[in-house]
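I have placed the structure first, in the form of structure tokens, so that the comments after it can refer back to it.
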Ligand SMILES: CC(C)(COP(=O)(O)OP(=O)(O)OC[C@H]1O[C@@H](n2cnc3c(N)ncnc32)[C@H](O)[C@@H]1OP(=O)(O)O)[C@@H](O)C(=O)NCCC(=O)NCCS
């Protein structure tokens, strides 16, 4: 499928481009990104960002393994974050979501709006019926984003992920397609998936050019 552009109110989710590499490299220096994403190299060099943009984000559309988007301000075009789905060929109809936001864009509802928009699009365009979320235990911001987006937190996978040589516990959650028969009896059972919604402070999105930026490499697909 050719990579689409998803319009989501104050946000635009667009495919990555070559000229995003320096920004990805800058955000990936963020200690919060390195602490929460085991697949982000530390130290993180430009070649890692080149690999992410070319071989993960762009190649993923080509081989059908990933659907990766850069989250930008709809009006300003400012780069705000990354959100993507790892599509599971072994379990058709399912995918794992991952995201990180530029430090200067956090705390404004950007991740939540992007997750909602991506999931709505993926349930339709990719015909998914389940999207899974993982985060290392203790990543409360990521968990809150998942919860606000309608994910049901299902539990803790003990010692299920290797993070820089250490096995760590992982929270797992899932979001079902709104019309899935599996919704019946589900404690989450939202009537419908929340829309993109509005941001906490739509007028205060990060200005272009002033941002750091993370990129992840393939590996354990954690968000
Ligand atoms: C997780 C992340 C993507 C959230 O992005 P964001 O745009 O700030 O998310 P939102 O503004 O939509 O929502 C964040 C929510 O988390 C809450 N939150 C943030 N830090 C928190 C903390 N330490 N403890 C509890 N809640 C926290 C916020 O209050 C907000 O919830 P609220 O709206 O109920 O107040 C961002 O913090 C990030 O990029 N972190 C580093 C990378 C990462 O951890 N990625 C996820 C890996 S699983």
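In the working numbering, the protein residues as written are 944 to 1166. Beta carbons are placed, not taken as given, at the ideal position from N, Cα and C, and that holds for glycine. None of these values were measured; they are calculated from a predicted model.
CA-to-CA distance, residue j to residue i, given in whole angstroms
i, j, result
"residue 1026", "residue 1055", "11 Å"
"residue 1052", "residue 1005", "30 Å"
"residue 1114", "residue 1075", "11 Å"
"residue 1070", "residue 995", "25 Å"
"residue 957", "residue 1060", "12 Å"
"residue 1135", "residue 1122", "Below a pLDDT of 50, predicted positions are generally treated as unreliable, and residue 1135, at 48, falls in that range; no measurement from the model is reported."
Local Cβ density within 10 Å of residue i, reported as buried at 16 or more and exposed below that
i, result
"residue 976", "buried"
"residue 1098", "exposed"
"residue 1043", "buried"
"residue 1144", "Because the pLDDT at residue 1144 is just 42, under 50, the model does not fix this residue reliably, and the value given afterwards should be weighed accordingly. Exposed."
"residue 1034", "exposed"
"residue 951", "buried"
Check: residue i C-beta below 7 Å from any heavy atom of ligand 1
i, result
"residue 1042", "yes"
"residue 1083", "yes"
"residue 1051", "yes"
"residue 1087", "yes"
"residue 976", "yes"
"residue 1125", "no"
"residue 1055", "yes"
"residue 1198", "Because the chain here runs from 944 to 1166, residue 1198 falls outside it and cannot be looked at."
"residue 1028", "no"
Cβ-based neighbour list, residue i, same chain, cut-off 6 Å, excluding 5 preceding and 5 following
i, result
"residue 991", "984"
Contacting residues, own chain, Cβ-Cβ under 8 Å from residue i (five flanking each side not counted)
i, result
"residue 948", "955, 956, 957 and 958"
- Uninterrupted beta strand (DSSP E) stretches inside the stretch 1028 to 1109 (no shorter than 3 residues): 1037 to 1044, 1073 to 1079 and 1095 to 1106
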